[in-house]
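All letters in the sequence shown, in the order written, are residues 1 to 384 by UniProt numbering.
By construction, the Cβ of each residue, glycine as well, lies at the ideal position given by its N, Cα and C atoms.
Below is one structure, written out as structure tokens; comments come after it.
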Amino acid sequence: MFQVRASFGQLRRSLLQSAFQVRHSSSAGWNSYTAGDAAFLARTPEESIKQAGLTSSAETTNLNLYQSVNDALRIAMETDDSAILFGEDVAFGGVFRCSMGLQEQFGEARVFNTPLSEQGIAGFAVGYAAQGATAIAEIQFADYVFPAFDQIVNEAAKYRYRGGKNFNCGGLTIRMPCMVVGHGALYHSQSPEAYFAHCPGLRVVIPRSPVQAKGLLLASIRDPNPVIFMEPKALYRASSEIVPTIDYELPLSKAEIVRPGSDITVVAYGTQVYIAEKAAELAEKELGVSVEVIDLRTILPWDYETVCDSVTKTGRLIVTHEAPRTNGVGAEIAAYVQKKCFLRLESPVERVTGWDAPNSLIHEPFFVPDVTRVFHGIKKSVNY
Numbered sequence: 001m002f003q004v005r006a007s008f009g010q011l012r013r014s015l016l017q018s019a020f021q022v023r024h025s026s027s028a029g030w031n032s033y034t035a036g037d038a039a040f041l042a043r044t045p046e047e048s049i050k051q052a053g054l055t056s057s058a059e060t061t062n063l064n065l066y067q068s069v070n071d072a073l074r075i076a077m078e079t080d081d082s083a084i085l086f087g088e089d090v091a092f093g094g095v096f097r098c099s100m101g102l103q104e105q106f107g108e109a110r111v112f113n114t115p116l117s118e119q120g121i122a123g124f125a126v127g128y129a130a131q132g133a134t135a136i137a138e139i140q141f142a143d144y145v146f147p148a149f150d151q152i153v154n155e156a157a158k159y160r161y162r163g164g165k166n167f168n169c170g171g172l173t174i175r176m177p178c179m180v181v182g183h184g185a186l187y188h189s190q191s192p193e194a195y196f197a198h199c200p201g202l203r204v205v206i207p208r209s210p211v212q213a214k215g216l217l218l219a220s221i222r223d224p225n226p227v228i229f230m231e232p233k234a235l236y237r238a239s240s241e242i243v244p245t246i247d248y249e250l251p252l253s254k255a256e257i258v259r260p261g262s263d264i265t266v267v268a269y270g271t272q273v274y275i276a277e278k279a280a281e282l283a284e285k286e287l288g289v290s291v292e293v294i295d296l297r298t299i300l301p302w303d304y305e306t307v308c309d310s311v312t313k314t315g316r317l318i319v320t321h322e323a324p325r326t327n328g329v330g331a332e333i334a335a336y337v338q339k340k341c342f343l344r345l346e347s348p349v350e351r352v353t354g355w356d357a358p359n360s361l362i363h364e365p366f367f368v369p370d371v372t373r374v375f376h377g378i379k380k381s382v383n384y
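In structure tokens, the structure reads:
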């Protein structure tokens with residue numbers, strides 16, 4: 001029996017490896033790139049200052065995404081004495097080291113661990129923010145947020161609407177690592193942004209790079225609305241960027257065109273911005289197609305004007321995200337664009353997403369939309 005099981009296991013691994021090779025053969029080399037290859041990363045102080053929206057020169061340093069999150073948290077706490085940071089293992093730096101050194105700088109009263117209770121973390125955060133203070137809560141993995149769903153959706157999102165001008169919890173920011181990391185399996189790979197994007201009263205923000213992470217996180221912490229700030233954990237150490245050392249904010253609910261184009265628009269966020277950019281390069285090389293890539297940055301409320309202006313110009317749209325397809329963020333974008341830009345569309349809006357299935361460890365390479373899938377989506381759209 002043991003030999004039979006071993007043989008079956010070897011056969012299954014062999015089949016999966018063969019399928020993986022075939023699936024990637026049509027664009028050999030385009031699925032093995034690193035995030036550090038991305039053309040939109042700021043590699044000089046001048047590029048960094050421009051991306052940060054600064055009008056004057058500033059000191060810069062080289063940071064990866066987790067370091068830029070740490071820098072933003074430090075600045076937020078230095079500039080706001082009411083700000084506190086808490087969550088599971090936050091005191092020693094967190095699983096991904098985003099809060100490293102902050103308890104030593106600000107003390108145990110402002111940076112502290114919590115019990116293993118996401119509902120308790122969110123409930124305490126709502127109560128603290130409701131007193132007019134700044135609460136920065138961390139959910140260790142986005143997959144763990146569901147026990148806190150009631151506190152976030154029924155309390156945080158609705159506090160202002162049942163309190164009028166008398167009270168709110170706008171000083172609340174909940175950070176959570178999200179998306180696939182490469183070995184997360186069922187409980188460390190989920191992308192639950194669509195759950196919160198369906199909830200009026202919240203903002204949902206997902207950065208793509210160190211410059212973006214710092215500016216968007218500072219803007220989120222200071223925004224007068226509760227914010228779900230989701231950090232793609234695969235990007236924490238995937239690349240580095242030249243980042244301004246000073247305090248700066250990037251506008252929420254404002255998308256960014258990271259690659260101009262004229263034939264088709266690809267909208268993405270988080271890790272998929274890197275995939276979209278590489279697919280755009282491949283489409284230009286293989287098909288002669290000019291692809292405009294837009295980083296949505298804020299999922300709720302999303303920047304429909306930038307997206308619709310682009311689609312009006314190109315006549316085609318693809319939306320790509322890691323989360324499953326059905327009722328995902330891409331579905332809302334597709335519905336809105338097809339209503340507003342119907343007469344300008346040259347082909348139906350395409351969605352290139354994760355599959356409608358749990359993301360198991362062995363199937364993870366097949367779950368995430370890769371360069372090949374986005375490239376074929378572009379090809380299908382332009383050949384319609």
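- DSSP, reduced to helix, strand and coil, places residue 90 outside both helices and strands of the structure shown, so it counts as coil.
- For residue 126, the enclosing alpha helix (DSSP H) begins and ends at 118 to 130.
- Under the criterion of beta carbons closer than 8 Å, residue 203 and residue 220 qualify as touching, at roughly 7 Å.
- Closest by C-alpha distance to residue 143, out of 81, 233 and 58, is 233.
- Judged by their CB atoms, residue 310 and residue 353 are not nearer to each other than the 7 Å cut-off.
- The residue among 288, 286, 278 and 355 with its C-alpha nearest the C-alpha of residue 294 is 278.
- Short of 6 Å from the beta carbon of residue 316, and not among the five residues preceding or following it, lie these beta carbons of its own chain, in chain order: 264, 346, 347 and 381.
- For the beta strand (DSSP E) assignment, the uninterrupted runs of no fewer than 3 residues enclosed by the segment 32 to 65 are, from N- to C-terminal side, 60 to 64.
- Spanning the alpha carbons of residue 325 and residue 137 requires a straight line of approximately 29 Å.
- Your pair residue 145 and residue 118 checks out as a contact, with CB atoms roughly 6 Å apart and the cut at 8 Å.
- Check the Cα spacing between residue 68 and each of 141, 90, 129 and 207: the tightest is with 207.
- The Cβ neighbour count for residue 99, taken over all protein chains shown within 10 Å, is at least 16; the residue is labelled buried.
- Burial state of residue 320 is buried, judged by a 10 Å Cβ sphere holding 16 or more other Cβ atoms.
- Excluding five sequence positions before and after residue 361, the CB atoms of its chain that fall closer than 6 Å to its own CB belong to 185, given in chain order.
- Three or more Cβ pairs closer than 8 Å define a contact, and the segment 75 to 86 falls short of that threshold against the segment 49 to 65.
- Rounded to the nearest whole angstrom, the CA to CA distance from residue 302 to residue 225 is 15 Å.
- Around the beta carbon of residue 37, fewer than 16 other beta carbons lie within 10 angstroms, which makes this residue exposed.
- Cβ contact annotation for residue 216 (same chain, cutoff 6 Å, sequence separation greater than five): 205, 207 and 250, in chain order.
- At the C-beta level, residue 344 and residue 330 stay beyond 7 Å of one another.
- Nearest neighbour of residue 255 by Cα position, chosen from 288, 304 and 235, turns out to be 304.
- When secondary structure is reduced to three states using DSSP, residue 381 falls in the helix class.
- Under DSSP, residue 113 forms a beta bridge with 87.
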